[in-house]
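There are 2 protein chains.
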Amino acid sequence: MADKYVYDFSEGNKDMRELLGGKGANLAEMTRIGLPVPPGFTITTEVCNYYSANGAYPEGVDALIETALQQLEKNTGKSFGDPDDPLLVSVRSGARASMPGMMDTVLNLGLNDTTIQGVIKSTSNPRFAYDCYRRFVSMYGDVVLGCKPENKDDPDPFEERLDQMKKRRGVAVDTELTADDLKELVAEFKQAVRDSVGKTFPEDPREQLKGAITAVFGSWMNDRAIAYRKMYSIPDTWGTAVNVQTMVYGNTGDESGTGVAFTRNPANGENVFYGEFLVNAQGEDVVSGVRTPRQVIELKDVFPECYQQLLDVRQTLEREMRDMQDFEFTIERGRLYMLQTRNGKRTGLAAIRIAVDMVDEGLISTDEALMRIEPDQLNQLLRPVFSATDRDQAVKDGKVLARGLPAGPGAAAGRVVFSAADAVAWAERGEQVLLVRDFTSPEDIRGMDAAQGILTAQGGMTSHAALVARQMGKVCIVGCSELDIDMQARTFAVDGTVVKEGDWVSIDGFTGEVLLGQIATRPPEVLQVLLEGSMKPADSESYGYYSKIMGWADEQRKLLVRTNADQPDQAANAIAFGAQGIGLCRTEHMFFGGDRIIAMREMILAGNQEEREKALAKLLPIQRGDFAGIFRVMKDLPVTIRTLDPPLHEFLPHDAEGQKEVADQLGISADAVAAAVDDLHENNPMLGLRGCRLGILYPEITKMQARAILEAACDVKAEGVNVHPEIMIPLVGTRKELADQVDSVRAVAAEVFAERGMSVAYMVGTMIEIPRAALTADKIAGVAEFFSFGTNDLTQMTYGISRDDAGKFLPLYLKKKIWPADPFATLDQEGVGQLVDIGVRKGRETRADLKVGICGEHGGDAETVKFCHRVGMNYVSCSPFRLPVARLAAAQAAIEERGELELEK
Amino acid sequence: MADKYVYDFSEGNKDMRELLGGKGANLAEMTRIGLPVPPGFTITTEVCNYYSANGAYPEGVDALIETALQQLEKNTGKSFGDPDDPLLVSVRSGARASMPGMMDTVLNLGLNDTTIQGVIKSTSNPRFAYDCYRRFVSMYGDVVLGCKPENKDDPDPFEERLDQMKKRRGVAVDTELTADDLKELVAEFKQAVRDSVGKTFPEDPREQLKGAITAVFGSWMNDRAIAYRKMYSIPDTWGTAVNVQTMVYGNTGDESGTGVAFTRNPANGENVFYGEFLVNAQGEDVVSGVRTPRQVIELKDVFPECYQQLLDVRQTLEREMRDMQDFEFTIERGRLYMLQTRNGKRTGLAAIRIAVDMVDEGLISTDEALMRIEPDQLNQLLRPVFSATDRDQAVKDGKVLARGLPAGPGAAAGRVVFSAADAVAWAERGEQVLLVRDFTSPEDIRGMDAAQGILTAQGGMTSHAALVARQMGKVCIVGCSELDIDMQARTFAVDGTVVKEGDWVSIDGFTGEVLLGQIATRPPEVLQVLLEGSMKPADSESYGYYSKIMGWADEQRKLLVRTNADQPDQAANAIAFGAQGIGLCRTEHMFFGGDRIIAMREMILAGNQEEREKALAKLLPIQRGDFAGIFRVMKDLPVTIRTLDPPLHEFLPHDAEGQKEVADQLGISADAVAAAVDDLHENNPMLGLRGCRLGILYPEITKMQARAILEAACDVKAEGVNVHPEIMIPLVGTRKELADQVDSVRAVAAEVFAERGMSVAYMVGTMIEIPRAALTADKIAGVAEFFSFGTNDLTQMTYGISRDDAGKFLPLYLKKKIWPADPFATLDQEGVGQLVDIGVRKGRETRADLKVGICGEHGGDAETVKFCHRVGMNYVSCSPFRLPVARLAAAQAAIEERGELELEK
């Protein structure tokens, strides 16, 4: 007795996708729940795997197929080769995962010169019959017999003959050919097969079937299928099933039709029946766009009974499949048949709405709902968007100018300016501006804040522009290398099109598209509720969905979420988005603007420690004020403040004009400023004098910052807030580096607490952002009370790439799939992730209760958040606008860990 | 019954250093072998540890000391407190490792107002007696009673009183004071003790002894001893022993004397008795330099019997201690006493000569000899050196100008030039030149080759200048930051001293010293034999030593040694130094000089693939010729050739003048050249578009190089050489990057072999120089036939430091001991080493026979070589002149692994 290799549709169910493939399992399920599925059977993926390995079928499969075929003949009351009313079947592949268009299909199998007569007889439609026949011969000739053009640029042998026939008959389209024309074509097609591959076209339906099954199984290992699987990481060992199903026809005349429908609106998720159909048509006609299909609601008038039946099908399918379905149906001479169903693709908005609605309808659990939403889809609730009509019109009008990397989602339009100063000036006089730069630097912050959006020609997804834009919630496109910026002329050009200062340009931070002109935007409702308060929660549908999902997510997740924020207003935003603390407060951004930068430059240009301390004394009250502001907003939540990190040259202007200005401000010579800039120059600043190296070289900087933090903490604690400062030392590579800085901080703390006659609980810890720090985390944890993984720099050093320069080869690397993804956008778990894992484990070996988080930009990437959960971190920290994504991803990670749900993607 | 805490000298031996300390164990050993050691006993290190932990002695120690003391009285026939002939002792520390000057000593203990009379009586020398007494009181007052100046800048209370006495008496030196003066001083000293610490000076010798022992044990935990141990990684838990020994005096008159001697010459290793002595003197007089000591040979005339006895001692000591000894002796009234012996410090030359001679004499095994030589000491046989007299004179004349990092050992003098072109031009007209630059780049290679030595103001031990200099065997000092170079004026200044172009300057690559003027150098004999052939092996003593050591080392070592060489002449040198292959042939250096650089620049400036291929076609025959030259020299040995690594901008001039020149050569506009340079600019070139990233972006470069290598291999194989090319792809971070390049190489190989109708066995492998590559070595080994660890870049990325920039903080880091060593000079085994270990292990998990080596500059560092042995590498590769060091270190690693020898450092 052979194994069970063949399943009648009545024998399977939807949980058998591994064995029956997605299509086969769902056909079986529909059969099981009583939907009108044309009878058929499925040959399992095991047969495919056996065939791939051995080039032959397992013993007994032929007999099992024959048995299934006989059962099919019985079920349909038709039989193979019957000259009066022959059984015709389709033979289709059906893998576990959808691989659209990758494998082969044969339709109308069972036709030959004898059975064609039966079709003519039973349909009274010779033209229809011969049209089926010629399609079958060409499809079978191509797929099974390998009758293809010799060179890929040559015309298809069947297409060529069809074209010649049309020419001979003087007609333009296939449908104008008569039954006789098509009959003649069938003969010509068979001759073409003989000429091309030297074989006679098989007349025996059983021989046809065997050939088709083998061809479909064989197509699993064809080049394009292998390439596709490689691209989407589908294992070769999954194999495909083969479905043999009775043909039904929607093109027999006006009493027939075919359609594609969704159980809900896949665009916005609304719970309405949604779809399209055509009378007297085949499935491909609906999707090909040759004829304009009609809305499915109109079926009510054309096929009222079938319409009622479909409404039932819609309910039944959702109840049984427990997800929104995308299904195909055919009406053959007034009778409805279901040909396929699968989970429907949907927009982010629809995914959210459907998931929430289905919970409300009692169809799925909240856990299932959480698992069904791609965390990034939440962004669609959180960003301004272009008005769809206006955007479509712009595209139609050829306004798409260029495309860059979509670094800050949303849509923005503004008048082009080329400097931060201009952005500020123009915005002050009420203009909407778009800041266009080669790249941005900390000096540009105020200009970026003033702009609607930022567009840069250089830089990647974690360049300065991208980082700051996301933190600010600004729309941003970076690395748009087509832009040729002429700073002198205040213009940029793309392929000959020149855009001048003041021209309107719109950028789409979802797609990376840059468009000419002003496209209208609208703010998302969630923001109007959460931040502006300009809308009441109850008035906003999308806010309702958002708040439900976040509520469910917060119940599930174990990871805490913190935010990266430097200013009280950012911190306030973050709290609105659910932040449970600040994971990264960069102090360097506080040194720009007004007098601050002057004092900072005075400090940098100081000739000795005394002068440096004098300048630092000016910065102390400013920093103290900044920190106090943040502590007040964050109240009892922890605030991690990083000591000065960037190389000092970033605070000095690099152009002569700017240097002159600084010289005048500080009363020194421009040459002295230039000399200092020169002195600070580094060949590889990323690997240079920055982070704790600065604090070790100039202990007074760390001391001033520690004092500012702890004095502010005392001030705010005195106001009754339970402050939790966490002082974080950056760029530590060895235990001694950290120990040096920790000593400085603790010494200052003792002084401050003595002076104030009070103390605050504070922690001192470190960034783990240098590979060596992760490798020696056991040693570093001896002096660190917490770790925060700085995965931006860790990625740069582990990969040996600079985020400012990677644009030179990153696009090619992604195109050639040398890297599966931009490692700055999603954490490279295979490589960098190993160091994170090592760092967490070794750190906790030394200090079991070590608090561990992540504060790189990856903290807002869903896959990375899940990774952080798995390696046992305490929290992730990300920019305010990424918090919802992080919260949902953290919930998904917790649910996945419980493993209670085995959900398909 | 208490443990054994006290050992009479007659009870111990030299193997008991852990318990008795070095001094105590060796005193016991000398006693054991019958040498005349003044009797005494040792209190063990265990007592010290107990005391450090508990602040008190273990139970019963007092009684054990009393017993030992009584035994001592018995042995000497003297007793504590005897008014006629009292027992006087010294109390000295003696740790396992020598800690010179770190701990306390008390001499002449046992003197008081009663016993002094006995000393006067037995010596008939009251002045001598009171001199001993006043020394004892001041020493004891200081060390045991803590009578010190209140502020460290105040005069010592005893010194102060001594000075006042000398003033009162109107004398200049101590020796002019009379017995009465000294007696008065003793009383004043005691008063000083009372005034300062409020204690009466103890008169009871037993009380004195107890105090002294406790003080010496206590000094183990004094600040400077702790700091010293920290610096030299001596564990606190080792503790010190205390030695109580009968005093003997070399200063009782002309029948006494004292001396320090070596069993061989510690400067050059010659097997002669070597040392100095003084008549009527104490030990400190010999070393203080106040009196000029006499050569030990003269003892023959002064104390002929003692001299004969010392010759015997010398033989006995070497036979028993099995190493060259440095010992102290005292002759008291014609009788010889041995006070101490230890392994003598020696120069590198002496270490080599002594080790080899002792093998020849049958004293030690060849393994022991190999372990006794610091591998770096071999350099002293291999480098030109300054004439010692000339150098000393220059130092005396204040010619030392500055000090930098000694990057290329040896000594060189030359006339200062400031550009590579000048170096070439001046050398061509017969001048010896010294190339002085801020830093060097590949463009400077020919100038460096033309210079006697290289001196740079910037860069560290693995900067370009340092790397190339070592490979060339050039004397080199880098990072000499005191240099202020004025390129315009063609001068450099140090602290106001200005050196002009053409001035003579000498640099010492052993010490990093820069000296004004021309100091004469002489070439080492080993080089004259090995490379020049200008000397016969038998004529050179130092070559004899070198070749013996290398022979023994080669018998022991398991690691193969290869060299880093780009040119046939370097390869020839390397073979002379024992290279067993080339581990790193950098191809980029081949692109400089003459027409090569023109074709290279044409390639870089090519606008498209076609133009690029045209330019590459010009480079192909040049590269093929280069490779063939190397294959011919290396014969059957493997040659690892790295494909193009550096960023392309390194091949273009960055100044307008140079760009104009290139533009003219290539017939394009200077603006186009400038634009290309601008386009190639990177913020962090170290992490930019280089290595395999170039080969992936421009596959035609890798293909041209693979073709050049394999065509050359065919050419040379056709000449009858069994070539072994190994093609190495640099900067790989992921498996797919390497797979891409391996595919290119294999495709070209198939073409070349088909064209030639022959094939050569070749391998394709990769550098492991990116942390991610080490972490994913299991995956990369799937496509790599060998790994070569590029530890320069691996260090840069693992530490997050740039070797070109680290100079800004490295000196401070080393000074503050934040880093134990320059990680570019010796591999950071704790951090970077983990990645190397992971890389080797994971690589071999996938490919058990994976060939693994190292080709970073660390390959020539002895500690790193040993590490490479331990992690199981197959070979190390280093610059030709480091090969002897690597060979010896590899032998030591193999011997250490066998663990048969437990040798003290």
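Here the protein sequences come in this chain order: X and A.
For the first sequence, my numbering assigns the number 1 to the initial residue and increments by one for each residue that follows.
For the second sequence, my numbering assigns the number 1001 to the initial residue and increments by one for each residue that follows.
C-beta: ideal position from N, C-alpha, C; glycine also.
In this model, X:T643 and A:T1563 are separated by some 45 Å (Cα to Cα). Going by C-alpha positions, X:T497 is about 10 Å away from X:L483. Per DSSP, the continuous alpha helix (DSSP H) segment holding A:I1895 begins and ends at L1883 to R1898. Unbroken beta strand (DSSP E) stretches of 3 residues or longer found wholly inside the stretch 1803-1863 of chain A: 1851-1854, given in chain order. For the C-beta of X:M686, the chain A residues within less than 9 Å are, from N- to C-terminus, N1683, N1684, M1686, L1687, G1800 and S1802.
Counting along the chain, the unbroken beta strand (DSSP E) around X:W504 starts and ends at W504 to D508.
X:C692 sits away from X:E650, with the two beta carbons spaced by 8 Å or more.
When C-alpha distances from X:F824 are compared across X:K815, X:F809, X:T795 and X:V840, the shortest belongs to X:T795. Taking the Cα of X:T826 as reference, the smallest distance to any Cα among X:I818, X:S122, X:N792 and X:A670 is reached at X:N792.
Our two residues, X:K558 and X:A894, have alpha carbons roughly 7 Å apart in a direct line.
The beta strand (DSSP E) runs lying completely inside the stretch 287-346 of chain X and spanning 3 residues or more are 325-332 and 335-343, given in chain order.
Between X:N75 and X:L88, the CB-CB gap reaches or exceeds 8 Å. Any Cβ of chain A closer than 8 Å to the Cβ of X:M797 would place that residue at the interface, and such an atom is present. For A:M1247, there is no enclosing alpha helix (DSSP H), as DSSP gives it neither H nor E. Judged by DSSP secondary structure, X:A412 falls within the beta strand (DSSP E) whose first and last residues are A411 to V417. Scanning its chain for C-beta atoms nearer than 6 Å, with the 5 sequence neighbours on each side dropped, one finds around X:M16 the residues A25, in chain order. Remark: C-beta atoms of X:L605 and X:A676 approach each other more closely than 8 Å. For A:K1399, the closest alpha carbon among the candidates A:V1494, A:I1641 and A:V1478 is that of A:V1494. In the structure shown, the three-state DSSP call for A:T1105 is strand. If you ignore the 5 residues before and after X:M590, its C-beta comes within less than 6 Å of the C-beta of D626, all in its own chain and listed in chain order.
No Cβ of chain A is located within less than 8 Å of the beta carbon of X:Q556.
A:G1259 is bridged by DSSP to A:F1277 and A:F1329.
For X:R596 and X:Y762, the gap between their C-alpha atoms comes out near 26 Å.
Around the CB of X:A53, fewer than 16 other CB atoms lie within 10 Å, so the residue is classed as exposed. Restricting attention to X:V417, X:N268, X:E602 and X:W552, the CA atom closest to the CA of X:E368 is found in X:W552. The stretch 867-878 of chain X and the stretch 814-822 of chain X do not touch, with fewer than three beta-carbon pairs separated by less than 8 Å. Annotation: Cβ neighbours of X:R772 in chain A (cutoff 8 Å, chain order): T1798, Y1799, G1800, D1828, G1831 and V1832. At a cut-off of 8 Å, the C-beta of A:T1734 has a neighbouring C-beta in chain X. Nearest CB-CB separation between X:I297 and chain A: not below the 8 Å threshold. Residues of chain X whose Cβ lies closer than 7 Å to the Cβ of A:R1612 do not exist, since the nearest Cβ in that chain is about 15 Å away. Non-local C-beta neighbours of X:F631 in its own chain, meaning closer than 7 Å and more than five positions away in sequence, comprise V639, A712, A713, V716, V721 and V723, ordered along the chain. By the Cβ-count criterion, A:G1479 is buried, with 16 or more other Cβ atoms from all chains shown falling within 10 Å of its own Cβ.
DSSP, reduced to helix, strand and coil, places A:V1561 within a strand of the structure shown. By the Cβ rule, the stretch 1092-1103 of chain A does not count as touching the stretch 1113-1124 of chain A, because fewer than three pairs are nearer than 8 Å.
Residues of chain A whose Cβ lies closer than 8 Å to the Cβ of X:L812 are, in chain order, I1696 and L1697. Under the DSSP assignment, X:T42 falls in the beta strand (DSSP E) whose first and last residues are G40 to I43.
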